[in-house]
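Q: This note's numbering applies: residue 9 is where the sequence shown begins, and numbers increase by one.
Pasting a structure below so you can have a look.
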Amino acid sequence: MSYETITVEKNAAGNAGVTLMTLNRPKALNALNTQVLAELIEAFADYQADDTQLCAVLTGSGDKAFAAGADIKEMHDKAAADFYLDDFFSPWTSEIVKKTRKPWIAAVNGFALGGGCELAMMADFIIASENAKFGQPEIKLGVAPGMGGSQRLTRAIGKSKSMEMCLTGRMMGAEEAERANLVAKVVPHDDLLAETLKTAATIASMPPMAVIANKEMVNSAFEMTLDQGLIVERRIFQILTASEDKAEGMAAFIEKREGQWKGR
Ligand code: CAA
Numbered sequence: 009m010s011y012e013t014i015t016v017e018k019n020a021a022g023n024a025g026v027t028l029m030t031l032n033r034p035k036a037l038n039a040l041n042t043q044v045l046a047e048l049i050e051a052f053a054d055y056q057a058d059d060t061q062l063c064a065v066l067t068g069s070g071d072k073a074f075a076a077g078a079d080i081k082e083m084h085d086k087a088a089a090d091f092y093l094d095d096f097f098s099p100w101t102s103e104i105v106k107k108t109r110k111p112w113i114a115a116v117n118g119f120a121l122g123g124g125c126e127l128a129m130m131a132d133f134i135i136a137s138e139n140a141k142f143g144q145p146e147i148k149l150g151v152a153p154g155m156g157g158s159q160r161l162t163r164a165i166g167k168s169k170s171m172e173m174c175l176t177g178r179m180m181g182a183e184e185a186e187r188a189n190l191v192a193k194v195v196p197h198d199d200l201l202a203e204t205l206k207t208a209a210t211i212a213s214m215p216p217m218a219v220i221a222n223k224e225m226v227n228s229a230f231e232m233t234l235d236q237g238l239i240v241e242r243r244i245f246q247i248l249t250a251s252e253d254k255a256e257g258m259a260a261f262i263e264k265r266e267g268q269w270k271g272r
């Protein structure tokens with residue numbers, strides 16, 4: 009498949025099972041336009057369908073930005089009716105988040121603003137470089153988050169901090185983002201890609217069905233009451249005990265050897 013606004017590398021940098029996707033509009037600080045969305049939808053569908061690929065990493069090209077937001081130049085001339093009738097921004101969640109059952113990590117290498125911050129928060133977790141800067145500056149454009157910022161940011165860092173970020177449009181640096189639980193860890197800028205690919209490779213080495221199950225369980229915590237979530241957790245656990253990988257994993261532990269996964 010050929011793309012113009014992103015690049016995709018399977019088994020990236022020799023990491024078996026790891027797909028690297030890179031937003032590739034560095035001159036526009038990787039702003040997210042309709043073409044980026046269409047290409048990402050295709051790339052994520054291909055990742056999801058390819059049984060050889062088990063964890064993905066999404067990052068931004070250039071040294072400056074993960075993504076500086078939805079493309080303001082593209083949105084400038086659109087009328088409210090266009091946004092409403094097209095249900096603008098809806099496919100980010102419906103086509104990417106909902107349809108990608110396998111894990112993916114955002115490697116945030118610089119500005120993650122507006123839609124860029126929202127895209128990073130769609131990932132299963134974020135690893136940030138020391139240079140990362142997160143923010144929801146839409147208010148300065150006379151609008152508000154539209155790709156999930158007010159919801160996912162609030163769930164991640166709580167009401168007070170999220171409200172302050174959305175109302176002032178200020179940026180949050182990597183250290184603060186780690187303290188606020190927005191990111192899983194912060195690494196030196198030059199190590200970001202290698203570190204994130206290493207984490208992805210660790211995930212790709214795990215039993216694949218258990219990986220998807222763990223992702224589904226953790227996500228349930230955001231959608232359900234505790235009682236409902238605990239039931240989902242137990243049922244998924246019980247289903248996993250019927251898998252060949254459960255038999256192999258427990259036998260491998262007892263026999264003091266590495267498990268060989270079938271993904272079933
Ligand atoms: N859309 C389109 N183009 C963008 C862009 C965006 N979101 N962000 C940056 N660019 C472009 C700039 O227009 C500029 O292009 P030209 O060279 O053709 O003028 C180029 O990228 C470089 O940007 P700057 O010259 O502005 O770089 P800087 O280092 O001076 O500033 C910045 C960096 C602080 C990130 C600044 O670019 C900025 O504030 N960008 C906009 C951030 C923003 O408001 N994001 C939210 C967008 S709305 C949204 O995302 C809605 C939603 O909820 C989904």
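Note that beta-carbon positions come from the ideal geometry of N, C-alpha and C, so glycine has one too.
Predicted model, so just to flag it, every value in this text is computed and none were measured.
Do the region 80-91 and the region 166-174 meet, that is, are 3 or more Cβ pairs less than 8 angstroms apart?
A: Cβ pair count under 8 angstroms is below three, so no.
Q: Per DSSP, which one or two residues make a beta bridge with residue 65?
A: Position 57 of the sequence shown, counting from 1, holds the residue named residue 65. Answer is 28 and 113.
Q: Keeping to the same chain, check which residues put their C-beta closer than 6 angstroms to that of residue 180; ignore five residues upstream and five downstream.
A: Reading the sequence shown from its first residue, position 172 is the one you call residue 180. So the qualifying residues of the chain are 142.
Q: From the DSSP output, read off the bridge partner residues of residue 234.
A: Stepping through the sequence shown from its first residue, residue 234 is reached at position 226. Residue 234 is not bridged to any residue.
Q: According to DSSP, is residue 40 helix, strand or coil?
A: In the sequence shown, counting from the first residue as 1, residue 40 sits at position 32. Here residue 40 sits in strand by DSSP.
Q: How is residue 137 classed by DSSP in three states: helix, strand or coil?
A: To locate residue 137, count along the sequence shown from 1; it is residue 129. Here residue 137 sits in strand by DSSP.
Q: Which whole-angstrom value describes the C-beta separation of residue 31 and residue 14, a residue pair presumed to lie in contact below a C-beta threshold of 8 angstroms?
A: What you label residue 31 is simply residue 23 of the sequence shown in a count that begins at 1. What you label residue 14 is simply residue 6 of the sequence shown in a count that begins at 1. With 8 angstroms as the limit, residue 31 and residue 14 qualify as a contact, their Cβ atoms being about 6 angstroms apart.
Q: Comparing the CB of residue 25 with every heavy atom of the ligand FMN, is any distance shorter than 7 angstroms?
A: With respect to the ligand FMN, the structure offers nothing, as its ligand set consists of the ligand CAA.
Q: Restricting to runs no shorter than 4 residues, where is the alpha helix (DSSP H) found entirely within the region 234-272?
A: Qualifying alpha helix (DSSP H) stretches, in chain order: 234-248 and 252-262.
Q: Would you call the region 198-208 in contact with the region 245-257, where contact means no fewer than 3 C-beta pairs closer than 8 angstroms?
A: Contact between the region 198-208 and the region 245-257 is absent, because fewer than three Cβ pairs lie under 8 angstroms.
Q: Taking the DSSP output, what are the residues bridged to residue 224?
A: As a working mapping, residue 224 is identified with position 216 in the sequence shown. Paired residues: none, contrary to the question.
Q: Residue 14 bridges to which residues according to DSSP?
A: Counted from its first residue, the sequence shown places residue 14 at position 6. Per DSSP, 31.
Q: Say whether the region 44-63 touches the region 9-25, bearing in mind that this needs 3 or more beta-carbon pairs closer than 8 angstroms, one atom from each stretch.
A: A contact exists between the region 44-63 and the region 9-25.
Q: Does DSSP put residue 93 in a helix, in a strand, or in coil?
A: For the purposes of this step, residue 93 is taken as the residue at position 85 of the sequence shown. Helix, per DSSP.
Q: Could you tell me if the beta carbon of residue 81 falls within a distance shorter than 7 angstroms of some heavy atom in the ligand CAA?
A: Here residue 81 refers to the residue found at position 73 when the sequence shown is read from its first residue. Result yes, Cβ under 7 angstroms from the ligand CAA.
Q: For the region 140-220, which segments carrying the alpha helix (DSSP H) assignment without a break, of at least 4 residues, lie completely within its bounds, in sequence order?
A: As far as the region 140-220 is concerned, its whole alpha helix (DSSP H) runs of at least 4 residues are 162-165, 167-176, 182-187 and 200-212.
Q: Work out the CA separation of residue 216 and residue 182 for me, nearest whole Å.
A: The sequence position of residue 182 within the sequence shown is 174, counting from 1. The sequence position of residue 216 within the sequence shown is 208, counting from 1. In a straight line, the C-alpha of residue 182 is about 31 angstroms away from that of residue 216.
Q: Quick check on residue 88: does DSSP put it in helix, strand or coil?
A: Here residue 88 is taken as the residue at index 80 of the sequence shown, counted from 1. Correct three-state label for residue 88: helix.
Q: When every heavy atom of the ligand CAA is checked, does at least one fall within less than 7 angstroms of the C-beta of residue 273?
A: Within the shown structure, residues of the chain are numbered from 9 to 272, placing residue 273 beyond reach of any answer.
Q: Is the Cβ-Cβ distance between residue 173 and residue 97 less than 8 angstroms?
A: Along the sequence shown, one-based indexing puts residue 173 at 165. Along the sequence shown, one-based indexing puts residue 97 at 89. For residue 173 and residue 97, no; Cβs fall outside 8 angstroms.
Q: So what's residue 128 in DSSP terms, helix, strand or just coil?
A: As a first step, residue 128 must be located in the sequence shown, where it is residue number 120. Three-state DSSP puts residue 128 in a helix.
Q: Find the nearest neighbour of residue 240 within the set 225, 123 and 113, judged by alpha-carbon distance.
A: The residue labelled residue 240 in the question sits at position 232 within the sequence shown. The option with the nearest alpha carbon to residue 240 is 225.
Q: Between the C-alpha atoms of residue 152 and residue 145, what's the straight-line distance to the nearest angstrom?
A: Here residue 152 refers to the residue found at position 144 when the sequence shown is read from its first residue. Here residue 145 refers to the residue found at position 137 when the sequence shown is read from its first residue. Roughly 8 angstroms between the two C-alpha positions.
Q: Identify every residue that forms a DSSP beta bridge with residue 52.
A: Mapped onto the sequence shown, residue 52 falls at position 44. Residue 52 is not bridged to any residue.
Q: Quick one: is residue 126 buried, meaning 16 or more other Cβ sit within 10 Å of its Cβ, or exposed?
A: One-based indexing of the sequence shown puts residue 126 at position 118. Residue 126 should be labelled buried.
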